[in-house]
Amino acid sequence: MRRTGLLLATILAVAPSAGWAADKIKVGLVTTYTGSEAAYGEMETDGFKLGLQHLGGKLGGLPVEIVTGDDENKTDVAIQQATRMVERDRVDVITGPALTTTLLGVNKITREAKIPLISGGPGPSVLAGRQCDPYFFSVGWQNDALAEATGQYLADRKVEDVYLLAPQIQAGRDMLAGVKRHFTGKVVAEKYTQMTQMDFAAEISEIQAAAPKALFIFFPAGQESNFIQQWNQAGMKDKVPLYTMNALDQANLPGLGDLALGIPIGANWTESIDAPINKKFVDDFVAAYGKIPSSQAAAAYNVALILDAAVKSLGGKIEDKDALRHAIKTAQFVQVTGKPFRFGVNNMPVEDYYVATVAKNAAGKPIMANPVVVLHDYVDVYAKDCKMTGG
Amino acid sequence: MLLVQQLLNGIQFGLMLFLMAAGLTLVFGIVNLINLAHGSLYMLGAFIGVSVQQWTGSYLWAVVLAIPATAIVGIAMEMSTLRTLYSRPRLDQVLCTFGLILFLNEIAKIIWGPASLRMKLPDFLNGTISFIPGLTYPTFRLAVIIAGLVVAGLLYVLITRTRIGMLIRAGASDRGMVAALGVDIKTLFTLVFGLGAALAGLAGIMAAPIYSVQVGMGDGIVILTLVVIVIGGIGSVRGALAASLLVGIVDTYARVLLPASVGQICIYVLMAGLLFVRPRGLLPANV
Amino acid sequence: MSEKPSAFLSRRGGATTLCFAVLALIPPLAGWLHEPFLIRQFIQIMAMGLAAMSLDLILGYGGLVSFGHAAFVGLAGYTVGILDFHAGDGSLFLGLIPGTTNALIAWPAAIAVSMLAAALIGLVCTQAGGTVFFMLTLAFAQMVYYGFSGWTLYGSDEGLSMGGRSELPLLDISDNTNFYYFCFAVLLLCFLAMRAIVGSRFGMVLRGVRQNERRLAAVGVPTRPYRLAAFVIAGGFAGVAGILLANYQTFVSPGDLSWTRSGELISMVVLGGLGSLIGPVLGAAAYLLLRLVIGSYTTHWAVVFGPFLILVVLFARAGLFGFVVRGREV
């Protein structure tokens, strides 16, 4: 072991100074391929692969090897997969975890191993503030900000009161904190469900009795679509308006059909943002995979773009982890929304947050339509607490 | 109104559990087999139903075809593996059926993929029904309640009024005796198992439009079902009915009145307490 | 139980020695192969193996089919995790007890928690036998499971991340190789302790309980205290395994004490060989390595493992250990 350690240390010390470019970049993709949230894994893989394809199959000139691992939407499995990738496959960078739960598990490993982790979506509050991590990046969103956009939207419309419902997980707490941050009306109730709950009959009956002016929900895509289906079965669609964030997107909209029409969604990206790069991304995605991309797919596309820019700026010399991290932080590229990408001090994106509404597109499919910018170039509220060392 | 609605929610969940519990308790009581893979039959029922619906476009066809299909899978399971377990110690039964769960989950993943699937409802089941002003209830959940009650009634008639039912009761108390009467006890047990599988399939197809259909969906419910049949008294269909309703209602009320997951604990506290004072369950069989 | 010929005993001892010798050689092998991952994998095998070994004490020797053994493993893990959590932010557990990362305090506390829980649960469960015992252990394990999955302060369903491994004087177990040999020593000591227990008068009675409870009762041996004591002792050793597992992952989650984990532990015991103590370690190795090896070819490893488990149960009751020593214990 000590011999291996020494050997490894020697390689690490020698390689960058020798200045050889690596022969390839190994990307670990830990995401969910099994269970109710399996749509995330598929969307992310497709989004990343399309990004690669648009970049000519290479990242910054280096050939790419992708190692995938299924986290089964369980934190302990995500930790095992990340450990395997770091110790056995020796990946250069990890991306993926579509859910905050699994992302935090993977972060535990990458933080210690000092391997860059680029989130394919979530930006948990716990990584945005005091415990920010120089090796963690989100090119998707900061969790709270999505719900803050919806909360601002509710406040702008002077909605008097709102009922809040989310699962008892970090992302759930982030989202409900986010809605409340800019919302000026009354919070009727703030309820948390179990993480794997699939039947919401009891909760829906409670909401029906409370008769709020609005309901805000957040669930991971599979559960969210279960909830909306049961909400409709209970005839609540016309009684209490439903608001949410991008947990309702192309990962679950196709299965819901018309049931989700009219629901406002807080988002950092939508398929209907009018920018040439986005149009190309969406059209090619539809052509290649026969479905419209989701928020996770768009974020995974960003992951390919940022890695390309970072590796290019290093001239392919990616062995020095600290240099790679620095290159990712300072990478210059135009993200999928059509605007130049920028990180805040906490490595969360500083970007516009929209509220879009579900409507039918020309082909009659439900999409996140008419995005309106609610928060401009938004810096999340946790950034001020982040004192990153070695920035 | 809220209380009534939650009561209906509890009854609906309870009757769904009853569909599972009835089959499991019959098998447990009669052939003395603890079948953890009963939940896999529930999962297969749902998956087969989704496939039939994708193929025919009709939920009713899915119901009609998925039930016998699940029964056939169940019978195949009984004849290939479970039959050899009847005389084995409890540990062997637990392990073999645990192995079956792993196997069937993975088979389902190969056939239907890892992602969850959705079952669509026909319009006439997709709305709500209003009994009295102010009280509305989803039509489909009401349909589940009705199906559960119908099954309970049919099972009652089957067990107390028919020759097969008589043999089932007799087989449970004295296997040798029934065999001596010239009845093929093996076939009888296989039939009972098929019946249990059909009911699990029905439960699966009733659950499919409410929950999403996915690999492993039976793992959680089989434990709750075991709880139900133990509370009700092993082998007792009446007990299973009473216990399912009890568990369904307690679970629903606990979920809304107490913080998340304390509700789940309630059910197990209920079970442990009950077993402590009445080890043979609420309404033991053959009394 | 008739005494076995000495040739068999020596073969048995030889196989056991061989197992420990192989385990001792894993780190140099990993270094030679440049596969540090191997060390981590075998730490997991030893920790899970110890958990399975402790289950064998009641399952193989006492004939008590417990379906909640993972709860005792997880409880100890959570104790270590929770004390670490409070040490991290200086707060108090339930407003009373300060946290610590010191192994000399946290670990005995963890074992005590597991044994206490086993005593309370065992007091109720050993009242009954057979199916009711099985269902009661399941019920209590589920209570513990849902308890932690709802305890928001400690991460609920998402689990609780530890700041690092516990701190031992003189030995830095944050190094994987050190931790490996530490786990190895713990496994060996626990094995020797359990073997001594099995060989004592207490162990004889325990085996008697499994074989013929009524006869024992007839000759005036009250069996319940023995079953209860065995349950508590097994809970304590399960706690030791839980401490190792928590330190291995530096993470605890409700998944560690779920009923499927209990099912896995039973599988390991039977796969390795009931009533052989070292067999369950082999079972754990087989289970985890099969999953790793088959898993690297196909994600559908359970298609192979499920039927394999059924075949072992139906046709090879002596398990892997029985196969190794070519004798039949049961």
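Chains as they are written, first to last, in our numbering: chain A, 451 to 841; chain B, 443 to 729; chain C, 8 to 337.
All C-beta atoms in this analysis are idealised placements derived from N, C-alpha and C, irrespective of residue type, glycine included.
9 Å Cβ cut-off: residues of chain C touching Asp534 (chain B): Your numbering for residue 534 (chain B) matches position 92 in the second sequence. Per Cβ cutoff of 9 Å: Val277, Val320, Leu321 and Arg324.
Residues that Gln700 (chain A) contacts on chain B, provided the C-beta gap is smaller than 7 Å: For the purposes of this step, residue 700 (chain A) is taken as the residue at position 250 of the first sequence. Going along chain B, no residue has its Cβ under 7 Å from Gln700 (chain A), so there is no contact; the nearest lies around 14 Å.
Within chain B, partners of Tyr751 (chain A) - CB distance below 7 Å: Stepping through the first sequence from its first residue, residue 751 (chain A) is reached at position 301. Under the 7 Å cutoff, chain B gives no residues; its nearest Cβ is about 21 Å from Tyr751 (chain A).
Rounded Cβ spacing between Phe635 (chain B) and Ile517 (chain B) (contact assumed at less than 8 Å): Stepping through the second sequence from its first residue, residue 635 (chain B) is reached at position 193. Stepping through the second sequence from its first residue, residue 517 (chain B) is reached at position 75. The Cβ separation is near 6 Å, so the contact holds.
Alpha helix (DSSP H) segment containing Glu598 (chain A), residue limits: For this step, residue 598 (chain A) is matched to residue 148 along the first sequence. Element bounds for Glu598 (chain A): Asn593 to Asp606.
Through-space distance from Gln620 (chain A) to Gly555 (chain A), alpha-carbon basis: Position 105 of the first sequence, counted from the start, is the residue given in the question as residue 555 (chain A). Position 170 of the first sequence, counted from the start, is the residue given in the question as residue 620 (chain A). So the two alpha carbons sit approximately 12 Å from each other.
Leu546 (chain B) beta carbon less than 8 Å from that of Ala479 (chain B): Residue numbering aside, residue 479 (chain B) sits at position 37 when the second sequence is read from its first letter. Residue numbering aside, residue 546 (chain B) sits at position 104 when the second sequence is read from its first letter. Cβ atoms of Ala479 (chain B) and Leu546 (chain B): closer than 8 Å.
Residue-chain proximity (Gly270 (chain C), chain B), Cβ-Cβ < 8 Å: Taking the third sequence and counting its residues from 1, the one referred to as residue 270 (chain C) is at position 263. Taking Cβ atoms only, chain B reaches closer than 8 Å to Gly270 (chain C), which makes this a yes.
Neighbour list for Asn676 (chain A) in chain B, Cβ cutoff strictly below 7 Å: The residue given as residue 676 (chain A) occupies position 226 in the first sequence. What Asn676 (chain A) touches in chain B: Tyr653 and Ser654.
Thr518 (chain A), enclosing beta strand (DSSP E) - first and last residue: For the purposes of this step, residue 518 (chain A) is taken as residue 68 along the first sequence, with counting starting at 1. Run containing Thr518 (chain A): Leu512 to Asp520, per the beta strand (DSSP E) assignment.
Beta-bridge partners of Tyr642 (chain A), as assigned by DSSP: The residue given as residue 642 (chain A) occupies position 192 in the first sequence. The partner list for Tyr642 (chain A) (beta bridge, DSSP) reads A:Ala616.
Chain C residues whose Cβ lies nearer than 7 Å to that of Glu537 (chain A): The residue labelled residue 537 (chain A) in the question sits at position 87 within the first sequence. Simply Pro43, Phe44 and Arg47.
Test: Lys11 (chain C) CB closer than 8 Å to a CB of chain A: Position 4 of the third sequence, counted from the start, is the residue given in the question as residue 11 (chain C). Residue confidence for Lys11 (chain C) is low, a pLDDT of 48 falling below 50, so the modelled location carries little weight and cannot support an answer.
CA nearest to the CA of Lys508 (chain A), picked from A:Met798, A:Asp835, A:Gly765 and A:Thr533: Within the first sequence, the letter at position 58 stands for residue 508 (chain A). Nearest C-alpha to Lys508 (chain A): A:Gly765.
Chain-order list of residues whose beta-carbon lies under 6 Å from that of Gly569 (chain B) (same chain, five-residue window excluded): The count along the second sequence starts at 1 and reaches residue 569 (chain B) at position 127. Correct list, in chain order: Thr581.
As assigned by DSSP and simplified to three states, the class of Pro799 (chain A): Walking along the first sequence from the start, residue 799 (chain A) turns up at place 349. Three-state DSSP puts Pro799 (chain A) in a strand.
Anticipated Cβ contact below 8 Å, Val536 (chain B) with Ile476 (chain B), distance rounded: As a working mapping, residue 536 (chain B) is identified with position 94 in the second sequence. As a working mapping, residue 476 (chain B) is identified with position 34 in the second sequence. Right, the Cβ-Cβ distance comes to about 6 Å (below 8 Å), so this counts as a contact.
Per-residue DSSP class, three states only, for Ser572 (chain B): The count along the second sequence starts at 1 and reaches residue 572 (chain B) at position 130. Ser572 (chain B) falls in the strand class under three-state DSSP.
Near-chain B residues of the segment 108-125 of chain C - C-beta to any C-beta below 9 Å: none
8 Å Cβ cutoff, Ile317 (chain C) in contact with chain B: Here residue 317 (chain C) is taken as the residue at index 310 of the third sequence, counted from 1. True, the Cβ-Cβ gap to chain B drops below 8 Å.
His93 (chain C) versus Ile817 (chain A) - alpha carbon distance: Residue numbering aside, residue 93 (chain C) sits at position 86 when the third sequence is read from its first letter. Residue numbering aside, residue 817 (chain A) sits at position 367 when the first sequence is read from its first letter. Taking the straight line from one Cα to the other gives about 46 Å.
Ala58 (chain C) beta carbon less than 8 Å from that of Leu272 (chain C): Residue mapping note: residue 272 (chain C) aligns to position 265 of the third sequence, counting from 1. Residue mapping note: residue 58 (chain C) aligns to position 51 of the third sequence, counting from 1. Yes; because the gap between Cβ atoms is below 8 Å, this pair is in contact.
Neighbour-count burial assignment, Leu196 (chain C), 16 or more Cβ in a 10 Å radius: Taking the third sequence and counting its residues from 1, the one referred to as residue 196 (chain C) is at position 189. Leu196 (chain C) is exposed by the Cβ-count criterion.
Beta carbon of Leu553 (chain A) nearer than 8 Å to that of Pro566 (chain A): By one-based count along the first sequence, residue 553 (chain A) stands at place 103. By one-based count along the first sequence, residue 566 (chain A) stands at place 116. No. Outside cutoff.
Chain B residues whose Cβ lies nearer than 9 Å to that of Phe328 (chain C): Within the third sequence, residue 328 (chain C) is the residue found at index 321, counting from 1. Chain B residues near Phe328 (chain C): none, gap ~16 Å exceeds 9 Å.
Beta carbon of Ala727 (chain B) nearer than 8 Å to that of Ile676 (chain B): Position 285 of the second sequence holds residue 727 (chain B). Position 234 of the second sequence holds residue 676 (chain B). The answer is yes: Cβ separation under 8 Å.
Cβ-based neighbour list, Val337 (chain C), same chain, cut-off 7 Å, excluding 5 preceding and 5 following: Translated into the one-based positions of the third sequence, residue 337 (chain C) becomes position 330. Legend: pLDDT at Val337 (chain C) = 39, less than 50; position of this residue unreliable, value from coordinates given subsequently. The residues are Leu281, Gly282, Arg324 and Ala325.
Leu143 (chain C) beta carbon less than 8 Å from that of Val131 (chain C): On the third sequence, position 124 is the one that residue 131 (chain C) refers to. On the third sequence, position 136 is the one that residue 143 (chain C) refers to. Yes, Cβ-Cβ distance for Val131 (chain C) and Leu143 (chain C) is below 8 Å.
Three or more C-beta pairs below 8 Å linking the segment 74-88 of chain C and the segment 155-170 of chain C: yes
Supposed close pair Leu630 (chain B), Gly613 (chain B) - CB separation, criterion 8 Å: Start at 1 with the first residue of the second sequence, and residue 630 (chain B) comes out as number 188. Start at 1 with the first residue of the second sequence, and residue 613 (chain B) comes out as number 171. About 6 Å separates the two Cβ atoms, so the contact holds.
Identity of the residues DSSP links to Thr694 (chain A) by a beta bridge: Here residue 694 (chain A) is taken as the residue at index 244 of the first sequence, counted from 1. In the DSSP output, where bridge partners are listed per residue, Thr694 (chain A) has A:Ile715.
Given Val543 (chain A) as reference, the closest of A:Val480, A:Leu577, A:Gly590 and A:Ala684 once Cα atoms are compared: For this step, residue 543 (chain A) is matched to residue 93 along the first sequence. Selected option, being the one with the closest Cα: A:Val480.
Alpha carbon of Ser194 (chain C) to alpha carbon of Thr108 (chain C), nearest angstrom: For this step, residue 194 (chain C) is matched to residue 187 along the third sequence. For this step, residue 108 (chain C) is matched to residue 101 along the third sequence. The question names Ser, but residue 194 (chain C) is Leu in the sequence shown. Distance between the alpha carbons of Leu194 (chain C) and Thr108 (chain C) is about 22 Å.
DSSP bridge partner residues for Met818 (chain A) (one or two, in chain order): Within the first sequence, residue 818 (chain A) is the residue found at index 368, counting from 1. Answer is A:Val808, bridged to Met818 (chain A).
Nearest to Asn797 (chain A) (by Cα), restricted to the options A:Pro743, A:Ala833 and A:Ala819: Stepping through the first sequence from its first residue, residue 797 (chain A) is reached at position 347. Nearest C-alpha to Asn797 (chain A): A:Ala833.
Test: Gly166 (chain C) CB closer than 8 Å to a CB of chain A: Along the third sequence, read from residue 1 onward, the residue named residue 166 (chain C) stands at position 159. Yes, because at least one Cβ of chain A sits closer than 8 Å to the Cβ of Gly166 (chain C).
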